[in-house]
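**Q**
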Amino acid sequence: MSGVREAKQRVLFHQVNLVRNFAMECNNSRQWTAAVNTLKFLTN
Numbered sequence: 001m002s003g004v005r006e007a008k009q010r011v012l013f014h015q016v017n018l019v020r021n022f023a024m025e026c027n028n029s030r031q032w033t034a035a036v037n038t039l040k041f042l043t044n
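Residues in the sequence shown are numbered from 1 upward in steps of one, following UniProt numbering.
1) Quick check on the DSSP output: the alpha helix (DSSP H) that includes Asn-17 runs from which residue to which?
2) Quick check on Asn-37: does DSSP put it in helix, strand or coil?
3) Could you pull out every residue in the same chain whose Cβ sits closer than 8 Å to the Cβ of Ala-23, ignoring the five residues on either side in sequence?
4) Measuring only the C-alpha atoms, how far is Lys-40 from Arg-30?
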């Protein structure tokens, strides 16, 4: 059981939750598109 892998999964899960919460709060589709594009850029 790798603690590093578990930590990475925890961080990823936290980031996904942040993005999802942001999306729920954000009813502006243009802002949502920008958020998705930012996420794609960060994960490239």
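We put the beta carbon where it would ideally sit given N, CA and C, even for glycine.
These figures come from a predicted structure and were not determined experimentally.
**A** Reading from the atomic positions:
1) Numbered from 1 along the sequence shown, position 17 holds the residue referred to as residue 17. From DSSP, the alpha helix (DSSP H) with Asn-17 extends over 3-25.
2) Locating residue 37 in the sequence shown gives position 37, where the first residue counts as 1. Helix at Asn-37.
3) Against the sequence shown, residue 23 aligns to sequence position 23. Around Ala-23: Trp-32 and Ala-35.
4) One-based indexing of the sequence shown puts residue 40 at position 40. One-based indexing of the sequence shown puts residue 30 at position 30. Going from the Cα of Lys-40 to the Cα of Arg-30 covers about 15 Å.
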